[in-house]
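Accompanying notes for the structure given below.
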Amino acid sequence: MKELSLHILDIIDNSLRAGANLIHLNIEEDFGLNRIRISIKDNGRGIPANLLSRAANPFFTTRATRRVGLGLSLFMKAAERCGGFFNIDSAEDKGTKVEAEFRMDHIDLAPMGDIRGTIKGLIMGNPDIDLVYSHQSGNRRFDLDTRAVRAEFGNAPFNHPLAMRYLFGVIDEGLDGLKKAGS
Amino acid sequence: MAKVTIEDLKRIKEQITRETALREGDAAVRITVHMGTSGIAAGAREVMGALLEEMNETDRRDIRIITSGCTDLCRNEPNVTVEIKGQAPVVYQFMDADKMRKVFKQHVLKGEIQKEYVLAEN
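Protein chains in written order, with our numbering: chain A, 26 to 208; chain B, -1 to 120.
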């Protein structure tokens, strides 16, 4: 993957396929400690304990249609390549948590890329799931909890054009604010 | 972006609730962007972004965008499926932002299938 934000989209896609309807996404860019930490937690059906150790093996997949599964293994390799670590924790019927850390000045580190495209695409493509997104960059922070927005809108769908415009405004404004922190 | 006031939110909510009540359950068009590792690596997010921009520009309220998992047609990704009510679904292949805009303007809005990008018509 060319961007960290594409890995994030991919890992959350796993969560959605596992029946999750609530996703926690945390991104911490810590310039002092020279690291980026990404964690994704879902309430999907989880991975049985006997399969968990193989979940990030590219030659393991639960799908019947083909014999490779690449999403988790690509994310793990990216973290390990950048002097960081990768961890996956899961409990059946409770959910899965995936964490990865990257050394910020590592030459092989992919850029964060279009994180707002990832967030917007996720929300609009899956208007029934909730996303709790927290993004810290230096001393600035952006939080978005779609459950709160949903309450404001009285459960009106997010993919209605008016709701979409409002949400995109919130996301753009929040992430524009973060960008200034990084520069 | 200008700050949104509580009044703005109320107005948006009322309008959405009104319009949603009218058309719940019968979207005339359903557009599916297939994600999954290979689709994402091949550019599905950019396709989705272009689609959202087109949606933002249209006044149509009866079009729904959804994402789904991998189609197992990895070699032909990104894939997009357009389903217009009463018509057979059309699967497009090797999509990118520009092709998506064209499919939206010509197929979704005007009903003209873009044959050059079609993988299959069921």
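For each residue, glycine too, the CB sits at the ideal point set by N, CA and C.
One or two residues paired with residue i in a DSSP bridge
| i | result |
| --- | --- |
| A:Gln161 | A:Glu53, A:Arg166 |
| B:Tyr90 | B:Val78, B:Val116 |
| A:Thr121 | A:Asp67, A:Ser115 |
| A:Glu126 | A:Arg62, A:Phe110 |
| B:Ile64 | B:Thr30 |
For residue i, the three-state DSSP class (helix, strand or coil)
| i | result |
| --- | --- |
| B:Asp96 | helix |
| A:Ser64 | strand |
| A:Lys204 | helix |
| A:Asp139 | coil |
| B:Leu107 | coil |
| A:Thr87 | coil |
| B:Leu71 | coil |
| A:Asp133 | coil |
| A:Leu156 | strand |
| A:Phe193 | helix |
Candidates the options: closest to residue i by CA position
| i | options | result |
| --- | --- | --- |
| B:Ala26 | B:His32, B:Arg59, B:Gly41, B:Ile14 | B:Arg59 |
| A:Arg97 | A:His32, A:Leu134, A:Tyr191, A:Thr171 | Sequence inspection shows Leu at residue 97 of chain A; the Arg mentioned does not correspond to that position. Considering only alpha carbons, the answer is A:His32. |
| A:Phe167 | A:Ile65, A:Gly199, A:Asn46 | A:Gly199 |
| B:Thr56 | B:Thr35, B:Arg99, B:Ile4 | B:Arg99 |
| A:Ile52 | A:Glu126, A:Ala188, A:Leu192 | A:Glu126 |
| B:Ile4 | A:Phe178, A:Asn184, A:Gly202 | A:Phe178 |
| B:Glu12 | A:Phe193, A:Lys204, A:Ala188 | A:Ala188 |
| B:Glu132 | B:Arg16, B:Met93, B:Glu81, B:Met53 | Residue 132 of chain B is absent from the structure shown; chain B starts at -1 and stops at 120. |
| B:Glu51 | B:Ala39, B:Leu117, B:Lys103, B:Ala86 | B:Lys103 |
| B:Ala118 | B:Lys83, B:Asp96, B:Val88 | B:Val88 |
| A:His131 | A:Leu99, A:Phe111, A:Pro152, A:Cys107 | A:Cys107 |
| A:Gly150 | B:Leu107, B:Met33, B:Asp96, B:Gln112 | B:Met33 |
| A:Asp133 | A:Ser159, A:Lys122, A:Gly109, A:Ala116 | A:Gly109 |
Residue i to residue j span [Cα, whole Å]
| i | j | result |
| --- | --- | --- |
| B:Gly47 | A:Glu124 | 26 angstroms |
| A:Ile140 | B:Cys68 | 21 angstroms |
| A:Glu28 | B:Val31 | 20 angstroms |
| B:Glu110 | A:His185 | 25 angstroms |
| A:Lys145 | A:Asn75 | 35 angstroms |
| B:Met(-1) | A:Leu77 | Low local confidence applies: a pLDDT of 48 at B:Met(-1) is under 50, so the model's placement there is unreliable, with the coordinate-based value given in what follows. About 44 angstroms. |
| B:Ile63 | A:Ala80 | 30 angstroms |
| A:Lys66 | A:Met101 | 16 angstroms |
| A:Asn112 | A:Glu105 | 11 angstroms |
Which parts of the segment 7 to 62 of chain B are runs of the beta strand (DSSP E), unbroken and 3 residues or longer, counting only runs that do not cross its ends? Annotation note: the segment 7 to 62 of chain B contains the following uninterrupted beta strand (DSSP E) runs of length 3 or greater, listed N- to C-terminal: 27 to 32.
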